[in-house]
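A.B. asks:
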Amino acid sequence: MSELFDLVLLALLITIALLVVRARDLLVAAIIFSGYGLGLCLLWLHRGAPDVAMAEAAVGAGVTTVLFLVAIGVTGRKEK
Amino acid sequence: MEIVDPRPLLALGISLACALLVFATGRHYGRRVLWSMGAALLKFGVVISLLPGAMAGEVYLFRLVEFPPGVGIGFRVDLMGLFFALVSSTLWIFTTIYAIGYMRGEADRAQVRFFGFFALCVAATVGIAFAENLLTLFIFYELLTVCTYPLVIHKETPAALKAGRKYLIYTLGGGGLVLLGLVLVQHAAGTLSFGQTGLLAAGAHDGPLGGGPLGGGQLGLIFAVLVLGFGVKAAVMPLHGWLPSAMVAPTPVSALLHAVAVVKAGAFGILRVIYDIFGLELLAQLNFTQALAWLAVVSIIGGSLLAWRQVNLKRRLAYSTVSQVSYILLAASLLNPTATVVAIMHLANQGFAKITMFFVAGAIEQGSGRTEINQLDGIGRQMPWSLAAFTVAALSFIGVPLLAGFLTKWLVILGALEGEAWWFAAVMVISGLLNAVYWLPVVYRAYFRPVTGVVADPGWLLRGPIIACAAFVVLLGTTAHFHLLPFSVASEAARVIWAEVAN
Amino acid sequence: MKKPLVIALLILLALALLAAMAELPAVGQADAPVHTHVSARYIEQGEAETGAHNLVTAVLLNYRGMDTFGEVLVLFTALCAGFAVLLAAARNGNKHYRQPPAPQESGAVPVIAVSPVVSFVVRLLAPFIALFAAYVILKGHLSPGGGFQGGMILGALFIALTLVLGKQYSARLLPVAWRPWLYALAPAAFLVVGMIGLQLTGYFLGYPQEPAWHGVREAMMVTLEIAIGVGGAVLVASLFLALESD
Amino acid sequence: MLPEMLLELRPNLDYAAVVVLFCIGLYAVIVKNNLIKKLLGLNIMETAVFAFIVTSGMVEGGAPPVLGPGVMPPLASPLPHALILTGIVVALATTALALALIIRIYLQHGTIEADQLRELD
Amino acid sequence: MAAALTVSWSALAAWPHWLIVLILLPLGGAVLTPALYALQRRLVPWWALLVAGLTALTVLPLLWRLAHEGPFSYLPGGWARPYGVELRFDEFAALLAAAVALLAPPVLLFSRRYAARAVPAGRLPFYYTLLLLNLGGLLGLAITADLFNLFVFLEVVSLSAYALVAVGGRPVAELAAFKYLLMGAISSLLILLAVGILFALTGSLNMADVAQRLPALATPAALTLAAAALLVGFMLKAALFPLHNWLPEAHASAPGAVSAVLSGLVVKAGIIGLVRTYQLFAGVELLDTANLGAILVWLGAASVVMGSFFAVFQHDLKLMLAYSTITNIGYIVMGWALASPQAMLGASLHLFNHALIKTTLFLAAGALIYRTGLRTLEELRGIGRTMPLNCAALALGALAIVGVPPTAGFVGKWFIALGALQAGRPFFALVVVFGALLAAVYYVRIINAFYFREPEQKAVVTAREVPWSMLAPVLLLALLCLGIGLLARLPVEFLEPAVARLLDGRS
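Sequence lines, in order, name chains A, B, C, D and E.
Note that this note's numbering has the first sequence beginning at 6, numbered continuously upward.
Note that this note's numbering has the second sequence beginning at 2, numbered continuously upward.
Note that this note's numbering has the third sequence beginning at 1191, numbered continuously upward.
Note that this note's numbering has the fourth sequence beginning at 4, numbered continuously upward.
Note that this note's numbering has the fifth sequence beginning at 508, numbered continuously upward.
1) Give me the residue from E/TRP553, E/ALA559, E/ARG572, E/GLY585 with the minimum Cα distance to C/LEU1251.
2) Quick one: which chain D residues come within Cβ less than 7 Å of A/GLY53?
3) Which whole-angstrom value describes the C-beta separation of A/LEU14 and A/HIS51, a residue pair presumed to lie in contact below a C-beta threshold of 8 Å?
4) Does the beta-carbon distance from B/GLY471 to B/THR322 come in below 8 Å?
5) Can you find a CB in chain D that lies within less than 8 Å of the CB of A/ASP56?
6) Please decide whether A/VAL26 counts as near chain C, where near means a Cβ-Cβ distance under 8 Å.
7) Any beta-carbon of chain C closer than 8 Å to the one on A/VAL13?
8) Pull up the distance between the alpha-carbon of E/LYS865 and that of B/TYR168, whole angstroms please.
9) Counting contacts by CB-CB distance shorter than 8 Å, is D/ARG107 in contact with chain C?
10) Would you verify that the beta carbon of D/ALA103 is, or is not, closer than 8 Å to some beta carbon of chain C?
11) Mark A/GLU61 as exposed unless 16 or more other C-beta atoms lie within 10 angstroms of its C-beta, in which case mark it buried.
12) Is C/ILE1327 near C/GLY1419, with beta carbons less than 8 Å apart?
13) First and last residue of the alpha helix (DSSP H) that includes E/GLY990?
14) Just reading off the alpha helix (DSSP H) that B/PHE115 is part of, what are its end residues?
15) Give me the subset of the stretch 603-632 of chain E whose CB atoms are less than 7 Å from a CB atom of chain C, sorted by chain position.
16) Rounded to whole angstroms, what is the Cα-Cα separation between D/ALA19 and E/LEU700?
17) Shorter than 8 Å from the beta carbon of E/GLY591 to some beta carbon of chain D?
18) State whether the stretch 258-266 of chain B contacts the stretch 125-136 of chain B, with contact taken as three or more CB pairs (one from each stretch) at a distance under 8 Å.
19) Is D/VAL57 close to chain C, meaning its C-beta is less than 8 Å from at least one C-beta of that chain?
20) Run down chain E in chain order and give the residues with a C-beta less than 8 Å from the C-beta of C/GLY1396.
21) Secondary structure at C/VAL1311, three-state DSSP: helix, strand or coil?
22) Helix, strand or coil, according to DSSP, for E/ILE890 in the structure here?
23) Find the nearest neighbour of E/GLU885 within the set E/ALA985, E/VAL566, E/HIS822, E/LEU631, judged by alpha-carbon distance.
24) Thinking C-alpha only, which one of E/GLU681, E/GLY647, E/ILE923 is nearest E/VAL804?
25) Looking at the strands, I want to know which residues DSSP matches up with B/VAL5.
26) Under the three-state reduction of DSSP, which class applies to D/LEU78: helix, strand or coil?
27) Residues of chain D with CB under 8 Å from A/VAL79, in chain order?
28) Can you check whether the CB of C/LEU1390 is closer than 8 Å to the CB of C/PRO1398?
29) For C/MET1153, which residues in chain E fall below 7 Å Cβ to Cβ?
30) Closer than 8 Å, Cβ to Cβ, to anything on chain D: give me those residues from the stretch 677-694 of chain E, in chain order.
31) Could you give the DSSP three-state label for E/ASN955: helix, strand or coil?
32) Within 10 Å of its beta-carbon, does C/GLY1422 have 16 or more other beta-carbons around it, so buried, or fewer, so exposed?
33) Considering only their Cβ atoms, is the gap separating D/LEU100 from A/LEU72 smaller than 8 Å?
34) Using 8 Å for Cβ pairs, my map puts B/GLY177 next to E/VAL940. What's the rounded Cβ distance?
35) Check the Cβ-Cβ distances between C/LEU1207 and every residue of chain E, and say whether any is below 8 Å.
36) Pairs of beta-carbons, one from the stretch 943-959 of chain E and one from the stretch 871-890 of chain E, closer than 8 Å: are there three or more?
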């Protein structure tokens, strides 16, 4: 069960990462990236690292994403 | 007997101080002249004060700093170095006087630069002459390169800048070779100090610090690298290209290049390589000097042939230098006592004769703007003093007895025959003939063609040095056996070098 | 034409990485060096030596306090770097400054539009989140969490509040005059606590171990946690403000 | 050869995922033209390295390294967790500075596409 | 009197905490700088200078102790190795620390007037903060004996360096800074990856402990990967050919004082990293360190040649200097990788000397730009007449970078060339000489333009010497370029045992 959860989670992370890279719209990419952070957060929890999970939730899913959004707000959302 | 004595440093310091003073206060004509003349005379005094002791067998040493352990800047006065220093500091006096007259019309800024860098060049020359080790020699050798450059491009015309670039490319390339040789010698011998009858000789027998005994290949590489490196400045034939180009510079600079410092420095470097780095014994086993001798022969003949083809007086003089300096190399590579005397002696013979001719060429150009040989018709009657001096120098090069050049040729021939290398003797004769072929027509034109235009002898500031130098040419040729005069110094130097071998 | 080449190279790189990683001790093995060497000591004696139940905190604040000092410095550096890059190039007659181009029609995002619902939720939750953050900070040496995590949560909260309520509010929450001092809070706390440790134990960042001093030890830890928490929050929040100001 | 390798890797499948993530990130950094996209790729690379380090500190069936009543060994190694906490902050710092630079670049040049910026030079 | 002095020195040096003070001073000073700015903004430059000066003084007792006792450690928190973070002061750390100590005060003194013009006013406090952080980070990186701690300090150094490139606000600089950041971040990641692998293999992060445990391992691929990741990572930081692309623009477009720090000191962080890598893997027999060395030797030689070659064709003075940095990094790496005692000695010496020389050059170039706003040799023609002292300093520095004896630049190259012969690889001695020749060419170009051309630009004709607070550091450093060359005996004798120890450790 745990094994399976792990595998699904990893597969999910890879998929999200690919989506981030593929997304044409930067805003979408950034928001997907925040989902990526949440996925990582789950992974850390599963790996027995609640401390890291907490930091990742705040930083990876939260602060980093907001900073990206701010930058995209200035530069425009479309990738050429 | 080695004595610690600061005079070598003093001699160097005088020139350096002169350069600094000129740069600092030289905008004023009087000061500029005062510093330059004062320093030239003072330095000559210091250098000559070393002579009696040195002739009595003393060697003056002064170590300045040692930056990596075992490698440093130091000075050591032996007779060979002293001879070179004497020649250059004597010529400095004459060149300074001449330059004061010659440069008078130039802007102050240009003059400051000229006299300043000229003093630096002379300082570098003394440094080369008195270098205690190869590194010191190299430092001053490069200093000479760098300080000559502003002089070569003095006129700042495109042609001058181009010549300057060419000069730098050649000499820096040569410097690089010397540097490489430096590293190789340090690695092979573990030291760079002169004065031990062949630095590398010890290494060749006992093995260098780092590995096994030196192979002939390694030694050959070192020899080739060093000789070619110094050969660039000595204008050995395939490497002579910079010398004629540098003729764009003003006449005193040409004097510096051809007689006082630059070319001589190269030749002197090769003498050091032969006598101090390799040593006579080691070279006698190795046969490298044969190659050097042939290189010299090519330059002697080739230089003469090229000089013949020139129609511009200064260019002819330049190619003639290519030929003349190689006498030194040929003599040195013969490896016998007689030839050694002349290898050293010719530093003076060539210097005084060549500087006379340059001074005259400069005086002619200054007075009438004439630079081509076919413009010199009848000039001998208008400029009797100058052309008389010129003729003396030309005859000396041809090898007329009682003049300096005769001694050179005679002794090289004797040396060659001593070593049973008769073809080198033949080369000397041919070279004498070639000299006649390209100098006599000039003299002929000057005296026996009808006069054109109006010219006169220059003022005494120019005329004085010309006559003095020509007088020296005669003196060198006639007073060979007086104590403390150049010839005896040179023969004593050679005796010392060979005495060490005998031991 | 560039892409296939890159992909091919990346596949090669991946294979190399895989080959190397295949040699590492298998994941989760309890006898791997990771577990038997340094970590073993942390797990066995960490609580006794540091007084922290949370061994991660023990490592962060105690065993490897220098790393954590470096970490707050990195954050501080990032903030200064942000300022150094973004601040007021226009004043001071900077000749390089150009008028910013008009935002592109197609892509401009009105910074981050907040719907009333979100705004309400944020405001409602703010006190609770702050309380949670405080708990995470203060209890960091006992339970999962710590100064950092709490600080990051606080920072995120601050950012959310700024987005919802505007900058006037953030200026009230984080007075401009205090800011330079607050930036220095976390690293300076390390200096102070480290020096206290040096007085008490003879080592920079040392903690007294004698039972009588356990209270002091805990106080030192909590001080650091609070400093890291509050300082970290300020740094993160200021980074946001710096970026957002343009 | 490849199947054997995979077979050998089975116990280390987590590492394989890490490698894939790393390469995806690197791909974005190299190939993507938009600077923000590159930065996202960089972040993915960073998380991959973090995942690698945390994974190496995992124990089969281990508990989080927080002692307390009822916590039984084996525990996950606390050291990698501490390292990654630092790592996350470093990543945040790098990202923030990069975004600051991107904003400046956009304001100065009007674009953040790498090829257009190269042309401007 | 002398005896008393000696005793008090050794008493002073015996205080155990100097090593931690060495990094706390600049870092603590940096942390307080923004607050100080809020209080009294005029004081900030003086404050930074004070901090740098005190840091420089701190290095003295450390060097004294190192010279008398050999390398020593400091254990923050008192945790024995390998449980805590160990700080260790060995000869290589001392080299970088001494360079930082020597160069930080002049750079900061220079900055007071320079930055006031080159950096927008609002950014000034952060300029000083970042400089101090950068220097403190460098010191931390030099003295740490812990892999992860090395990474953390490397990040402090890198982040501050990226920002310092862009601090002047020139559009070119901002682009260059981003490029630098991207490369730097990738290299940091590679280093972190390697640290992770080494940790997974050994369970330890202490360098000495890891180095002790590595030889027992039987995992060639993992070891190779770790070594390769560290090498590539640090090579990127050091800008070794072919990973040098980011350097020229970043170093050339940064403000002058920053270029000095970046080129003189920050790239040396990469070199120190390479040294540490070497120390880590020296005992590992599974890896053929000779092969690794062979690659590095060639890369170093390529750096020497390519760097010089590009430098020769630059028109922009600072770009020329930046390319010359690549060359000199090449010398250092080549000397290291030749792994003969003299070559290593030469490389270590050159590490310090190049820092000094390049700082001199960049400060002098910065001063020219400060006065004239011009950057290319063409535009700057004739500047030697209007700013003679500054140009003389630049000329002296350039002479040193060429490696003319007896300047500081000579000694290192001399030993590297001798070391190449000692290692039986004369080709690399040739590379050293060739590099020196190419350097001479661009040196001549500079001198030619400054002294032997008529000025054309109005800014050149009207230029004056920079204020004394900028000129004095430049002149002082230029004189040191000469003086340290003359005193090279001291460092040589100081470093010889360290090199011998390192080579012993390998065999």
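Here a beta-carbon is modelled for each residue, glycine too, at the ideal position from N, C-alpha and C.
C.D. replies: Short version:
1) E/GLY585
2) MET61, GLY65, ALA66, PRO67, ALA79
3) 7 Å
4) Note on residue identity: the sequence assigns Ala, not Gly, to residue 471 of chain B. Taking 8 Å as the Cβ cut-off, B/ALA471 and B/THR322 do not qualify as a contacting pair.
5) yes
6) no
7) no
8) 28 Å
9) yes
10) yes
11) buried
12) yes
13) 975-993
14) 109-131
15) PRO627, ALA628, GLY629, ARG630
16) 14 Å
17) no
18) yes
19) no
20) PRO583, GLY584, GLY585
21) helix
22) helix
23) E/HIS822
24) E/ILE923
25) B/LEU62
26) strand
27) ILE106, TYR109, LEU110
28) yes
29) Since the first and last residues shown for chain C are 1191 and 1436, residue 1153 of chain C lies out of range.
30) PRO678, VAL679, GLU681, LEU682, ALA684, PHE685, LEU688, LEU689, ALA692, ILE693
31) helix
32) buried
33) no
34) 5 Å
35) yes
36) yes
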